[in-house]
Amino acid sequence: MTTTPCDGCGRPVSVAGGIANLWSFEKSTTEGLSLELVDGTDHFLCFECVDDLPNEATEADVDALPDRPPDEPIGRPEWAEGSDDGMEWAFAGTGLGAAAGAGIGLATGSLEYWFVTGAAGGLLLALLAERLSGDTGS
Ligand SMILES: [Zn+2]
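Taking the numbering used here as reference, the numbering of the sequence shown is continuous, increasing by one, and the terminal residue is 521.
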């Protein structure tokens, strides 16, 4: 786990490390993201600052963001939570699909074909299920 200072408020922001975190099913601990603004500048911002930026933000908008105490916890807007859920659904679906596909593959003797087909089918079903659950949840 590493932290990067937020360009907006100056708080240290946890960033999840690399591929190891991508494949874990833990709730992502990343609290911010890199953003390219309309004026072409890159900034690393916590979710709260991203949420505070206007549409079509520029570097001046980032500079204008208020500083926050470094020990104030970083809140996660709903859109950040939602994207995490989507990733979990996708990974779970792909894993289940691959497992089911491998089972069919073993039974039919064409393991590779069914493994890939199962994973792809699982991913599609997961995205579909995530979309449906998102519709009823909001
Ligand atoms: Zn910030």
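Beta carbons: idealized from backbone N, C-alpha and C, even for Gly.
Let me know if residue i comes out buried or exposed under the rule of 16 or more other beta-carbons within 10 Å of its beta-carbon.
{"i": "Leu515", "result": "exposed"}
{"i": "Val421", "result": "exposed"}
{"i": "Glu455", "result": "exposed"}
{"i": "Ala443", "result": "exposed"}
{"i": "Gly505", "result": "buried"}
{"i": "Gly423", "result": "exposed"}
{"i": "Glu513", "result": "buried"}
Since I believe residue j is in contact with residue i (beta carbons under 8 Å), could you give me their beta-carbon distance rounded to a whole number of angstroms?
{"i": "Ala509", "j": "Gly486", "result": "Not really, about 18 Å apart at Cβ, beyond 8 Å."}
{"i": "Phe430", "j": "Pro460", "result": "6 Å"}
Suppose the cutoff is 6 Å on Cβ atoms and the five residues either side in sequence are ignored; what does the same chain contact list for residue i look like?
{"i": "Gly391", "result": "Leu428, Cys432, Val445, Leu448"}
Return the CA-CA distance between residue i and residue j, expressed in angstroms with no decimal places.
{"i": "Leu416", "j": "Asp434", "result": "11 Å"}
{"i": "Thr386", "j": "Pro395", "result": "6 Å"}
Using DSSP's beta-bridge definition, name the partner residues of residue i.
{"i": "Pro388", "result": "Pro395"}
{"i": "Asp425", "result": "Glu419"}
Ignore the nearest five residues each way along the sequence and tell me which others in residue i's own chain have a CB closer than 8 Å to its CB.
{"i": "Gly458", "result": "Phe430, Glu431"}
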